[in-house]
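Mapped onto full-length UniProt numbering, the consecutive letters of the sequence shown carry residue numbers 1 to 611.
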Amino acid sequence: MTLRKWLTAFVASLVLGAGLVAGFNVLVDPFGVFGDKVLGWHAYNMNNNPRVAKIGYLDQYHDRYNSYIIGGSKSSSISPELLNDYYGDGASFYSMLMYGGDFNDYEKTVYYLMDQYKPKNIVLHMSLQEISHFNEKATDFKQSLHGKVSGEPQWRFYLDYLKLNPSYSYAKLEGYAKRAADPYQFATFIPETGVYNKERRDAEPVDDREAFMAANKAAFAPFGKLEAVALDKNVMSLKRIKEYVESRGATFRLITGATSEQEMKSYDLAALKEYWAKLAEVTDFWDFTGYTGISGDPRYFYDTMHYRNTLGKMMLGYIFEDPDVYVPADFGHYTTKENVKEQAEKVFAAPPALSGEKATVPILVYHHIDDNPYEPNSLIIPVAKFRSDMEAIKAAGFQTVSLQQLIDYVDGKSELPDNPLVITFDDGYLSNYEYAYPVLKELGMHATISAIGWSVGRDEHRIPGKQFYPHFTWEQAKEMEDSGVIDIQNHSFDMHETPPEDSDVRNGVLPKAGESTGAYARALTEDVQYMKEQIEKHVGGEVNVFTYPFGFYTHLSEQILRDLGYRSTLSTKSGLNEIVKGDPRTLFALKRINGGPEVPSEVLAQRLQGK
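See the structure below:
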C-alpha cells in the first residue's frame, strides 16, 4: 500500500469514527440537545444538566407553558401546578430549576424565555448561596448553559455535543436498561413540570424527630463558609431581570427560599442585612429566609440546603392567603424597602448557642387506679400497687419535678435536682383524686394530670351503656391544683376517640383522610384552646402542656401546638428523655414509661433508671 493510500484510509477511518461517535451521541442524546427523538428519556437528560436539557425539551413543548419559575435546586419545592391554581387566568408554569443557582444564568435564561416564548408570568426564586458567586465558570458538561441561552456560536455548542465522550451515552443506555428494576433511580426529574421527583423522599416518616435525625444525620452536615463576593452583582442582575420582564408585559415576582439553621451558619449575617436592604430597593419580595419559625426543625428539610415540598406548599399558601394551607407562625413576610431593616434585624440574628448542658429525665405515666376493674389491663393498677410504686421510686432516690420545672430548666431559669422524675396521669379519673392525690401529698411528691374536657365530672359515658370509669369534677381538680401537689393540663376537650364505622370521627388528634392542613389546624386549635379556657376558668393554673390522646401525633400537630404557645407535649413512646438546656425542641413528644400492674415496683424503679 502506497503512503497516499494509507493516509487516505487513515483519514477515512478517522472521519468514519467521528461520524459514528457523532451519530451515537445524536441517537442516544444524553443531554437532550438534539431533542432525544429516539429514547425520549427527558428525565435522564435533565438529571445530567437541567440547564441544557430543559431548553431542548422546551424547543419541542414550549407551547404547553406560558409562565416560568427560575431558580436553583431549592426552587423545585415551589410547585408549578400550585402556581397554576393560584395565578389562575390560564397560567401554565414550568420550572427552570438548575443546579448551583447563579444570577448570571438566571438572567440569561430570562432573556431567552422572554424573547423566544413571550411568557405571561415570571417567578424568580432566590436562595442565599448565590451570594458567593456570579457567572461561575462551568467545569464540565453538567454545569454549562445551553448555547441558545449563553450566546455562544451555535455551531460550536452543537459540535461539542456531537464529539461528546461516548461514556455519557453508554451510561444513559445502561440506565435505560436498568430502569425497569428501579425507575426512581433514573427519574430525578419530572420532565412535564421541570421539578425534582421527590415521591420517595416525601414518603419518609418525619413525625418522630429523634428517629428522623437518626436516619438523616449525614444530610445535615455543615456546608462551609460562603462569602458575599457577588452581593452587588446579584442585585444589579435582579434589577435588569425585573426591568426586562416588566418591559415586555409580563408579571414579575421574587421569592426568597427557606433556610435551615445549619445553612445559616455559612453566611456573614451583617452581609445578609446589607444584601436584603439592596434587594428591597429593587423590588418588594416574598421573604422566607433566615432564622424563622421553622429553620430550627430539620424535618422541614431534605438536607442542609434544600427545603421540603411541604414547606413549598406553605410558602405559596402564605403568599396567596390560602385558608386551606396551614402556615407556621413567624414564617413568611412581605418585605419592602419600608420594612426591610426591621425584618433583616429579626431573621438575620442568630439564636443563642446551646450550652451543651442536659439532663436525663424519665416520665412515668398512669391512668386509672382500681382494685376491681371491669376488665384488667396494663393501664389500670390496684391501689396498693400505686403506693408501692411511689415508695420504691422514693427509695431509689428519685425526686419528682413538674413539667413546668423542665420548661424552666430549658429556659435557663432554674436547675433540676439530682435524679429528676416526672409523674403523669392521663384522662382525669376520679381514682386519681381519691387514691393517687393523697399518697402523693403524704410522700411529698408531685404529678401532672391531663384531663379530657367532655368527661370531667361524669359518672357515665355520654353514649348510654358504654363502659366508663367516673372522672373527677372541676372542683376536685382545683383542690388538687391549689395544693401544689398536682397540676392540671390538656388532654383535648373532645379528641380522645377511636374511629368507629363513622369515618367522620377523628383518630385522636390525627388529621382525617383528605383533610386540608388549614382545616385540620382550625379543628385542632378550636378543641385545644377551648379545653385550655375551661382549665383556666375552673382551675386557674397555667396550661402549656398537651398530652396526645393515645400518643398519636404528627409533625404538623407539633407545629400547631408550638404556635399556640404550648411548651411541651407528651407521647406514649417508651423511653427516657434527654432535656437540653436552651433547646425547647427537646420538650416535645416526650417519652413515658407505663406503670402497669404487671411490673413489680422495684423493677419499675430500675426501668426509670434506664436499667
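We put the CB at the ideal spot given by N, CA and C, even for glycine.
query	result
Span separating the alpha-carbon of S127 from that of F93	20 Å
Bounding residues of the alpha helix (DSSP H) (the contiguous stretch that carries I69)	Element bounds for I69: not the alpha helix (DSSP H) but the beta strand (DSSP E), 67-71.
Continuous alpha helix (DSSP H) stretch holding T109: start and end	103-117
Contact test: L83 Cβ vs the ligand FMN heavy atom, cutoff 7 Å	The ligand FMN is absent from the structure shown, which contains no ligands of any kind.
Three or more C-beta pairs below 8 Å linking the stretch 20-36 and the stretch 163-171	yes
C-alpha gap between S144 and M314, whole angstroms	32 Å
Coil, strand or helix - I407 by DSSP	helix
Span separating the alpha-carbon of residue 612 from that of I381	Given that the chain is displayed from residue 1 to residue 611, the structure contains no residue 612 and the question cannot be resolved.
Segments assigned beta strand (DSSP E), at least 3 residues, entirely inside the stretch 305-370	333-335, 358-361, 363-366
CA-to-CA distance, D583 to K413, given in whole angstroms	13 Å
Cβ-Cβ distance between V439 and M390 below 8 Å	yes
Three-state secondary structure assigned by DSSP to N121	strand
Boundaries (first-last residue) of the beta strand (DSSP E) holding P420	420-427
Pairwise C-alpha distance: A91 and S260	31 Å
Where M46 sits in the DSSP three-state scheme	helix
CB of I579 within 8 Å of CB of T586, strictly	yes
Continuous beta strand (DSSP E) stretch holding I560: start and end	Run containing I560: none in the beta strand (DSSP E); it sits in the alpha helix (DSSP H), 555-563.
Nearest to E136 (by Cα), restricted to the options H146, F103, E536, D160	F103
Whole-number beta carbon distance between S132 and L97, since they are thought to touch under 8 Å	Their Cβ separation, rounded to whole angstroms, is 18 Å, which puts L97 and S132 out of contact at 8 Å.
Reference L570, options K198, N419, F425, closest by Cα	F425
Where E558 falls, given that 16 or more other Cβ within 10 Å makes a residue buried	buried
Cα-Cα separation, L20 to K163	10 Å
DSSP beta-bridge partners of A447	I486
Classification of R308 by the beta-carbon crowding that lies within 10 angstroms, buried from 16 upward	buried
Beta-carbon contacts of L14 that lie in its chain and below 7 Å, excluding the five residues immediately before and after	Residue confidence for L14 is low, a pLDDT of 49 falling below 50, so the modelled location carries little weight; the figure read from the coordinates is stated next. There are no such residues.
Terminal residues of the alpha helix (DSSP H) in which E375 lies	It is not in any alpha helix (DSSP H) - E375 carries neither H nor E in the DSSP assignment.
Check whether M114 and R253 have beta carbons under 8 Å apart	no
Burial state of F10 (16 or more Cβ within 10 Å)	Residue placement at F10 is flagged as unreliable, the pLDDT there being 48, under the threshold of 50; the coordinate-derived value follows with that caveat. F10 is exposed by the Cβ-count criterion.
Pairwise C-alpha distance: I463 and W474	21 Å
V38 - DSSP class collapsed to helix/strand/coil	coil
DSSP-derived helix/strand/coil call for G458	The sequence given here places Arg at residue 458; Gly does not occur at that position. Three-state DSSP puts R458 in coil, outside helix and strand.
Own chain residues within Cβ distance below 7 Å of V64, not counting five before or after	Per the sequence shown, the amino acid found at residue 64 is Arg instead of Val. Same-chain partners within the cutoff: S92.
Chain-order list of residues whose beta-carbon lies under 7 Å from that of R299 (same chain, five-residue window excluded)	V206, R209, F212, H555
Same chain, Cβ closer than 6 Å to K273, neighbours up to 5 away in sequence not counted	A344, F348
Short Cβ contact (8 Å threshold) for D29 with N45	yes
Boundaries of the alpha helix (DSSP H) in which S601 is found, first to last residue	601-608
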